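Trainee: Shown below is the structure under consideration.
There are 2 protein chains.
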Amino acid sequence: MPTISEKAKKMPASPIRKLVPYAEAAKKLGRKVYHLNIGQPDIETPGIALDSVKNMKERVIEYSHSAGNQSYREKLAGYYKGIDIDINANDIIITNGGSEAIIFAFMTCLNPGDEVIIPEPFYANYNGFAVTAGIEVKPITSSINNDFALPAIEEFEKIITPKTKGIVICNPNNPTGYLYSEKELRELSLLVKKYDLYLFSDEVYREFCYDGENHFSAMHIEGLENNVILLDSVSKRYSMCGVRVGAMISKNKDLMSYAMKFAQARLCPPSLGQIASEAALETPKAYFDEVYAEYIERRNFMVEKLNNMEGVYCPKPKGAFYTVVKLPIDDSDRFAQWILEDFEYNNQTVMVAPATGFYSTPGLGKNEVRIAYVLKKEDLANAMEVLEAALKAYPGRKL
Amino acid sequence: MPTISEKAKKMPASPIRKLVPYAEAAKKLGRKVYHLNIGQPDIETPGIALDSVKNMKERVIEYSHSAGNQSYREKLAGYYKGIDIDINANDIIITNGGSEAIIFAFMTCLNPGDEVIIPEPFYANYNGFAVTAGIEVKPITSSINNDFALPAIEEFEKIITPKTKGIVICNPNNPTGYLYSEKELRELSLLVKKYDLYLFSDEVYREFCYDGENHFSAMHIEGLENNVILLDSVSKRYSMCGVRVGAMISKNKDLMSYAMKFAQARLCPPSLGQIASEAALETPKAYFDEVYAEYIERRNFMVEKLNNMEGVYCPKPKGAFYTVVKLPIDDSDRFAQWILEDFEYNNQTVMVAPATGFYSTPGLGKNEVRIAYVLKKEDLANAMEVLEAALKAYPGRKL
């Protein structure tokens, strides 16, 4: 049998995937499983986006431009201008979801063996994209003790080597829900400038900022035009994760002309998803107000419930729809499996994502899990009850 | 400014893209440009596929399974069983077009520095995927003198090194339209077995076989289950290139479990495209009969016209909807630019793809161009008139 590549062997398996058989087994036993583990919102896709596809006039679903439809990119540039990001259609490459934007960015900017620094816990799939590009992730630990704020700039500087070529931030953050402040980003930008690094800024949760906080984008920083690559997606903004439409954006024209070669090789992003995404730009403000109110209510409810449980600490996330919460447990992987396999409460259980999968440093995240508040409040209320009961019953309880 | 990666610098620019400004300039001058250069058919997408999207009931466009919807994969396995390819849903990973299938296959099977042998001329984007994966393409030249038949097996054997890990074939072939015979594939399979190579078989034009010839798939070869990776796409079959739905298929379960890690990292293939693709499996036979009759008529017309031009030789392609044709010209890149820039016939001109872009060996393809017969007959007739006149007027004419 021919051999498997080293990269394939190195590709991390998702820490959630291994729990799937246990969730399926629980469902087979007739148990209700509340999925707190996923980033798939239950919010409806805007009607205007669904209708655009239903009413399409095309008789041939053709290839689009490799950078995405011109009409979509022009309107999308308008969306960015509306949030003070001054780009035009040619600064945008539409991608197969935010995932492909990250891969294109890594492939265009980094050589095998190069290093990127990422504050941990971080979105686990960055590991997979790093392996794909043959680069190394150097984690820098952010702590639940200060609600996962950006680590001090000196900490970044300590791990910079000649191989360091970039920093990846996710803002608002998945998995922590932390929203980086303008001050934090400006401090980071000085470092980026000093070492002439790339700043890969994943801002797919931009619309989900709470408590009156504004989103400050890496693209807002003057003088960093050649360093910043904005990674974006319509998945969360319009609750249409399945359309697979993202974007790689930069004002660095040289960089974008090279990235286009990767885009051309794979022909184009999905045409149907682009139709929906272009239409979604006209989503009425009322939709977002409703979504916003819904998430705020869920978050407030969940954070309060969690912090009232003995031995639990949940920061109040200011963005996205996740939180990383500290639990009185010995091992989050063991706990996440146990709760599906050996526990039920009124014939219900929950699935959570062990935080170990979001840390790169071995041993971290053992007493933390990521919870996504993507369920409606009644379900979230039941899930919190189940979780509280489970924490009391868990044999590995550790206060 | 931070540096660009070596891979990005090495990524080939499409030989067609550089002609685009000349085509646009010709259009600005009011000239009609016939596009013989592209693989975008003008055939309508099956109504059943379009309707499936228009009538969808989903209110949230969710992520699908990373391998693609179970229902789609099950029906797709049924499609393959219907053409004597005995696979099941778990042997299939649905991808973002055939492009991603190739990338996943290269990434899973090959290490940087590994070599794959590809008969040239070949689909130019294989070069881009090879650069992405960090592998080397070793071309083996097929010749217009025997209509681009598979080169002799001894020729393959001559260039096999310890680094050779696979062979890529495209059958029916883009760009040549050549249909490999069962005999050719069985000979190739002995070599694959002898050196325990991967056989990457790109069969996206499977439905386009003419003159009563049957398509023989690499998956039909017994005993090669662990070596063959089938690369497929709905783009051409159902004339819906823009849905971006392809597939990586193999009976090698170990291999597929590793490939799944790449699929999971990028979350999922497009949900809307999968709805269309699943519905398209019910396309009535009458649709294909009509498409088939249309392509046959176009091909016969075009081949006859071309072979009646002085100094032109066009093989009669038995598959796909391309041909590589020999022209009495000094330099196909120069000719392709000249015809757009400096030539018009009754205010019309044509765009062709210089064959140099499909050869890996420098200097080959200088007197060949690829022509796609994706235009309706009236347009094709005009395009042939233009081409004939252009060949007579071209300053670099070389009989």
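From first to last, the protein sequence lines stand for chains R and H. Counting from 1 along the first sequence, just add 540 to a position and that's the residue number in my numbering. Counting from 1 along the second sequence, just add 540 to a position and that's the residue number in my numbering. Each residue gets a CB set at the ideal place from its N, CA and C atoms; glycine is no exception. Computed from a predicted structure; not experimentally measured.
#1: Note down, in chain order, every chain R residue with its Cβ under 7 angstroms from the Cβ of residue 648 of chain H.
#2: Helix or strand or just coil, what does DSSP make of residue 782 of chain H?
#3: Since residue 794 of chain H meets chain R, which of its residues come closer than 8 angstroms, beta carbon to beta carbon?
#4: Between residue 651 of chain H and chain R, is any beta-carbon pair separated by less than 8 angstroms?
#5: Is it the case that the stretch 749-761 of chain R contacts the stretch 619-627 of chain R, given that we only count it when at least three CB pairs across the two stretches are under 8 angstroms?
#6: Would you verify that the beta carbon of residue 823 of chain R is, or is not, closer than 8 angstroms to some beta carbon of chain H?
#7: Can you look up residue 561 of chain H in the DSSP assignment and give me helix, strand or coil?
#8: Anyone know if the C-beta pair for residue 764 of chain R and residue 648 of chain R falls short of 8 angstroms?
#9: Rounded to a whole number of angstroms, what is the C-alpha to C-alpha distance between residue 561 of chain R and residue 730 of chain H?
#10: How would you list, in chain order, the residues of chain H whose beta-carbon sits under 7 angstroms from the beta-carbon of residue 804 of chain R?
#11: In terms of residue numbering, what span does the alpha helix (DSSP H) encompassing residue 888 of chain H cover?
#12: Give a yes or no on contact between the stretch 831-846 of chain R and the stretch 890-905 of chain R, applying the rule of three or more CB pairs nearer than 8 angstroms.
#13: Beta-carbon separation of residue 708 of chain H and residue 785 of chain H under 8 angstroms?
#14: Quick test of the definition: if touching needs 3 or more C-beta pairs under 8 angstroms, does the stretch 603-621 of chain H touch the stretch 709-721 of chain H?
#15: Going by beta carbon distance, what residues of the same chain come within less than 6 angstroms of residue 654 of chain R, once the five residues before and after it are set aside?
#16: How is residue 854 of chain R classed by DSSP in three states: helix, strand or coil?
#17: Excluding sequence positions up to five away, which residues of its chain have a Cβ less than 6 angstroms from the Cβ of residue 791 of chain H?
#18: Are the stretch 763-782 of chain H and the stretch 815-822 of chain H in contact at 8 angstroms, needing three or more beta carbon pairs?
#19: With a threshold of 6 angstroms on Cβ separation, who are the neighbours of residue 579 of chain H within its own chain once the five nearest residues in sequence on each side are excluded?
#20: List the residues of chain R that residue 582 of chain H touches, going by C-beta distances under 8 angstroms, in chain order.
#21: Give a yes or no on whether the minimum CB-CB distance between residue 593 of chain R and chain H is below 8 angstroms.
#22: Where residue 861 of chain H and residue 606 of chain R are concerned, what is the direct C-alpha to C-alpha distance, given to the nearest angstrom?
#23: Quick check: the Cα distance between residue 827 of chain H and residue 845 of chain H, rounded to an integer number of angstroms?
#24: Quick check on DSSP: helix, strand or coil for residue 872 of chain H?
#25: Mark residue 609 of chain R as exposed unless 16 or more other C-beta atoms lie within 10 angstroms of its C-beta, in which case mark it buried.
#26: Could you pull out every residue in the same chain whose Cβ sits closer than 8 angstroms to the Cβ of residue 679 of chain H, ignoring the five residues on either side in sequence?
#27: Sorted by chain position, which residues of the same chain lie with C-beta nearer than 7 angstroms to residue 687 of chain H's C-beta, five sequence neighbours on each side aside?
#28: Please identify, using Cβ separations under 8 angstroms, the residues of the stretch 719-742 of chain H that lie next to chain R, in order along the chain.
#29: Quick one, which residues of the stretch 807-821 of chain H are near chain R if we go by CB-CB under 8 angstroms, in chain order?
#30: Residue 672 of chain H CB to nearest chain R CB: under 8 angstroms?
#31: At what residues does the alpha helix (DSSP H) containing residue 845 of chain H begin and finish?
#32: Would you tell me roughly how many angstroms separate the C-alpha atoms of residue 720 of chain H and residue 745 of chain H, rounded to the nearest one?
#33: Is the beta carbon of residue 877 of chain H less than 8 angstroms from the beta carbon of residue 576 of chain H?
#34: Tell me whether the beta-carbon of residue 520 of chain H lies closer than 8 angstroms to the beta-carbon of residue 893 of chain H.
#35: In the structure shown, what three-state DSSP assignment does residue 979 of chain H receive?
#36: Quick one: give me the first and last residue of the alpha helix (DSSP H) that residue 726 of chain H is part of.
Mentor: The short version:
#1: Here the question's residue 648 of chain H lines up with position 108 in the second sequence. Result: 544, 545 and 548.
#2: Residue mapping note: residue 782 of chain H aligns to position 242 of the second sequence, counting from 1. Residue state, collapsed to three classes: helix.
#3: Residue mapping note: residue 794 of chain H aligns to position 254 of the second sequence, counting from 1. Those are 541 and 544, listed as they occur along chain R.
#4: In the second sequence, the residue the question calls residue 651 of chain H occupies position 111. Interface residue, yes.
#5: yes
#6: Against the first sequence, residue 823 of chain R aligns to sequence position 283. No, its Cβ sits nowhere closer than 8 angstroms to a Cβ of chain H.
#7: Along the second sequence, one-based indexing puts residue 561 of chain H at 21. In this structure, residue 561 of chain H counts as helix in the three-state DSSP scheme.
#8: Within the first sequence, numbered from 1, the residue matching residue 764 of chain R stands at position 224. Within the first sequence, numbered from 1, the residue matching residue 648 of chain R stands at position 108. Taking 8 angstroms as the Cβ cut-off, residue 764 of chain R and residue 648 of chain R do not qualify as a contacting pair.
#9: Taking the first residue of the first sequence as 1, we reach residue 561 of chain R at position 21. Taking the first residue of the second sequence as 1, we reach residue 730 of chain H at position 190. So the two alpha carbons sit approximately 40 angstroms from each other.
#10: Counted from its first residue, the first sequence places residue 804 of chain R at position 264. Under the 7 angstroms cutoff, chain H gives 554 and 557.
#11: Translated into positions along the second sequence, residue 888 of chain H becomes position 348. No alpha helix (DSSP H) contains residue 888 of chain H, which is instead part of the beta strand (DSSP E) from 888-891.
#12: no
#13: Position 168 of the second sequence, counting from 1, holds the residue named residue 708 of chain H. Position 245 of the second sequence, counting from 1, holds the residue named residue 785 of chain H. Result no, Cβ atoms of residue 708 of chain H and residue 785 of chain H do not sit closer than 8 angstroms.
#14: no
#15: To locate residue 654 of chain R, count along the first sequence from 1; it is residue 114. So the list reads 675, 703 and 705, once near-sequence residues are dropped.
#16: Position 314 of the first sequence, counted from the first residue, corresponds to residue 854 of chain R. The answer is coil: DSSP assigns residue 854 of chain R none of H, G, I, E or B.
#17: For the purposes of this step, residue 791 of chain H is taken as residue 251 along the second sequence, with counting starting at 1. Only 631 and 765 meet the Cβ criterion.
#18: yes
#19: Position 39 of the second sequence, counted from the start, is the residue given in the question as residue 579 of chain H. So the list reads 912, once near-sequence residues are dropped.
#20: Taking the second sequence and counting its residues from 1, the one referred to as residue 582 of chain H is at position 42. Correct list: 600.
#21: Counting from 1 along the first sequence, the entry for residue 593 of chain R is found at position 53. At least one chain H Cβ lies under 8 angstroms of residue 593 of chain R.
#22: The residue labelled residue 861 of chain H in the question sits at position 321 within the second sequence. The residue labelled residue 606 of chain R in the question sits at position 66 within the first sequence. Spanning the two alpha carbons is a distance of roughly 22 angstroms.
#23: For the purposes of this step, residue 827 of chain H is taken as residue 287 along the second sequence, with counting starting at 1. For the purposes of this step, residue 845 of chain H is taken as residue 305 along the second sequence, with counting starting at 1. Rounded to the nearest angstrom, the two C-alpha atoms are 27 angstroms apart.
#24: Within the second sequence, the letter at position 332 stands for residue 872 of chain H. Helix at residue 872 of chain H.
#25: Here residue 609 of chain R refers to the residue found at position 69 of the first sequence. Counting Cβ neighbours within 10 Å, residue 609 of chain R comes out buried, since at least 16 surround it.
#26: Stepping through the second sequence from its first residue, residue 679 of chain H is reached at position 139. Result list for residue 679 of chain H: 657, 658, 659, 660, 662, 899, 900 and 901, in chain order.
#27: For the purposes of this step, residue 687 of chain H is identified with residue 147 of the second sequence, where counting begins at 1. Cβ within range, chain order: 718 and 855.
#28: 736, 737 and 738
#29: 807, 808, 809, 810, 811, 812, 813 and 816
#30: The count along the second sequence starts at 1 and reaches residue 672 of chain H at position 132. Yes, because at least one Cβ of chain R sits closer than 8 angstroms to the Cβ of residue 672 of chain H.
#31: Translated into the one-based positions of the second sequence, residue 845 of chain H becomes position 305. From DSSP, the alpha helix (DSSP H) with residue 845 of chain H extends over 825-847.
#32: Stepping through the second sequence from its first residue, residue 720 of chain H is reached at position 180. Stepping through the second sequence from its first residue, residue 745 of chain H is reached at position 205. Whole-angstrom Cα-Cα distance: 12 angstroms.
#33: Here residue 877 of chain H refers to the residue found at position 337 of the second sequence. Here residue 576 of chain H refers to the residue found at position 36 of the second sequence. The answer is no: Cβ separation not under 8 angstroms.
#34: A question about residue 520 of chain H goes unanswered here, because the residues of chain H that appear run from 541 up to 939.
#35: Residue 979 of chain H is absent from the model: chain H starts at 541 and stops at 939.
#36: Position 186 of the second sequence, counting from 1, holds the residue named residue 726 of chain H. Residue 726 of chain H -> alpha helix (DSSP H) spans 722-734.
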